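Those letters in the sequence shown? Residues 296 to 666, by the numbering used here. Glycine residues also receive a C-beta, built at the ideal position from the N, C-alpha and C atoms. Since the model is a prediction, treat every value here as computed from it, not as a measurement. Heads up: the structure comes next, in structure tokens.
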Amino acid sequence: MHAFVRFKEITSANGPRYVAWFEPQHHIVHETAEFFVRRFTGMNWSIITPEASAHWDGETLSFGSGGKRSDVPADDARDDDWRAYYESMFNPARLKVAAMKREMPKHYWRNMPETERIPDLIKSASTRTENMVAATPSTPRKRAGAAHAKIAPEDLPARLEAIAEHEKPPASLKDLQRALQSCRACPLWRDATQAVPGEGAEEKPLLALVGEPPGDQEDLAGHPFVGPAGKVLDRALAEAGINRDELFVTNAVKHFKHEPRGKRRLHMRPNAGEVEICRWWLAHELTLVKPRLIVALGATALQSLSTYKGTLTKAREQTLKTREGATLRATVHPSYLLRLPDEAAKEAEFARFMADLKDAKQLAERIARAA
Ligand code: URA
């Protein structure tokens, strides 16, 4: 239901309202409604099913009786976007009809505008694949996905190609932020509320700070470093005399990766494949923002930004280059400071972290002066 609801816009007394007709196979409307509240907090919406309906007015979630398909308009201006999106994500070379039907059971197709394209796409898949094979170089990508656990290594090149082929390099950060919300290149989007893009000073800031994936609070808020690690970062920046508004703050992985533990969502480290896939977004963000200096916060960010193979401790002692050739410094992730059990160690490490940030700022100022 998270993936297969398609809203249609109607006009109501309170402005636009988005209504969807959905036919679940289980009694899941109450269970899933909270997900839609988080995902579409800013929209007024109703999801109508044969047995029950859920309604959100921006403040209150309510439930009502079921309805009929005809309660919801059959078409919407966005239906063509769904068709175009599906068509562009459809990779004929990876077509497995049985797996596709398992992922997207046919029962749901009739309420999803994009599915009307499926029969034609299947029919033309083998010709399109032959054309693709004829057009591609014969050497496979080396090492892509080597350390990957969940995404099968043999799937990674196709995923990287899909993202590069189907996502045009964004012309602006706004375009990037919009496109990022529909990224399905790795599975992390499924359990996340939203993608968390970078934010802050957008034109040649002195520094761009790059974290790991967003945490629980960032996932809900849609902004980077607003939770506990963000508080540590803010304190270190303040003590280093750096104004956060003058930086660009982002993450190497844009969706929150977690596992449920009771009512809590425990942060999980992204694997190499997820980091590699999400690099596409990070690299484009940094190309658009053009910071004077980039600071990797922690080993995941370092791994994403550079080909450096040493330890974070060693990386911290030098000035490096990103894969794209920008100047790079590395330091610890602020959550490392939160995990230290000993107060004295915490204080000493905090001072080192703060000094790293100060040092990075001074180097960035020298780079800016020389430019
Ligand atoms: N940790 C990160 O790396 N990024 C965030 O945005 C929050 C916590």
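Buried versus exposed, by CB contacts within 10 Å (16 or more), F317: Within the sequence shown, the letter at position 22 stands for residue 317. By the neighbour-count rule (16 or more Cβ atoms within 10 Å), F317 is buried.
Best match in P319, T422, G353 for proximity to K401 [C-alpha to C-alpha]: As a first step, residue 401 must be located in the sequence shown, where it is residue number 106. Ranking the options by Cα distance to K401, first place goes to P319.
Cβ pair L736, I589 closer than 8 Å: Nothing about residue 736 can be reported from this structure: the residues present for the chain run from 296 to 666 only.
Assigned secondary structure, Y313 (DSSP; H/G/I helix, E/B strand, else coil): Translated into the one-based positions of the sequence shown, residue 313 becomes position 18. It is a strand residue.
Contained alpha helix (DSSP H) runs [length at least 4] in the stretch 356-434, N- to C-terminal order: 374-384, 392-398, 413-430
Own chain partners of V332 with C-beta closer than 6 Å, once the 5 adjacent residues on each side are dropped: For the purposes of this step, residue 332 is taken as residue 37 along the sequence shown, with counting starting at 1. Excluding sequence neighbours, V332 sits near W351, L356.
Proximity test, H628 beta-carbon vs the ligand URA heavy atom, cut-off 7 Å: By 1-based counting over the sequence shown, the position of residue 628 is 333. Checking every heavy atom of the ligand URA against the Cβ of H628, one is found closer than 7 Å.
DSSP three-state assignment for A444, whether helix, strand or coil: Working through the sequence shown from its first residue, we reach residue 444 at position 149. Low per-residue confidence applies at A444: pLDDT is 42, beneath 50, and the placement is therefore not dependable, though the value from the model is reported in the following sentence. Residue state, collapsed to three classes: coil.
Contacting residues, own chain, Cβ-Cβ under 8 Å from D654 (five flanking each side not counted): Position 359 of the sequence shown, counted from the first residue, corresponds to residue 654. So the list reads R624, once near-sequence residues are dropped.
Every unbroken alpha helix (DSSP H) inside the stretch 562-617 [4 residues or more]: 567-584, 594-600, 607-610
Element boundaries [beta strand (DSSP E), containing S630]: Taking the first residue of the sequence shown as 1, we reach residue 630 at position 335. Counting along the chain, S630 falls outside any beta strand (DSSP E), though it belongs to the alpha helix (DSSP H) covering 629-634.
Beta-carbon proximity list for V392, same chain, < 7 Å, skipping 5 on both sides: The count along the sequence shown starts at 1 and reaches residue 392 at position 97. So the qualifying residues of the chain are I417.
Terminal residues of the beta strand (DSSP E) in which R556 lies: Numbered from its first residue, the sequence shown carries residue 556 at position 261. Its beta strand (DSSP E) spans residues 553-556.
From K549, T602, E425, residue whose alpha carbon lies closest to that of P492: The residue you call residue 492 lines up with position 197 of the sequence shown. Among K549, T602, E425, the Cα nearest to that of P492 belongs to K549.
Beta-bridge partners of E507, as assigned by DSSP: Within the sequence shown, residue 507 is the residue found at index 212, counting from 1. DSSP output for E507 lists no bridge partner at all.
L501 - DSSP class collapsed to helix/strand/coil: Here residue 501 refers to the residue found at position 206 when the sequence shown is read from its first residue. Coil at L501, not helix or strand.
Best match in K604, C573, Q657, G517 for proximity to L502 [C-alpha to C-alpha]: What you label residue 502 is simply residue 207 of the sequence shown in a count that begins at 1. Nearest of K604, C573, Q657, G517 to L502, Cα basis: Q657.
Per DSSP, the bridge partner or partners of A347: To locate residue 347, count along the sequence shown from 1; it is residue 52. The partner list for A347 (beta bridge, DSSP) reads S360.
Closer than 7 Å: V590 CB and nearest the ligand URA heavy atom: Walking along the sequence shown from the start, residue 590 turns up at place 295. For the ligand URA, not one heavy atom lies less than 7 Å from the Cβ of V590.
Where K656 sits in the DSSP three-state scheme: Working through the sequence shown from its first residue, we reach residue 656 at position 361. In this structure, K656 counts as helix in the three-state DSSP scheme.
Option in K552, A315, C478 with minimal Cα separation from R564: Here residue 564 refers to the residue found at position 269 of the sequence shown. Among K552, A315, C478, the Cα nearest to that of R564 belongs to K552.
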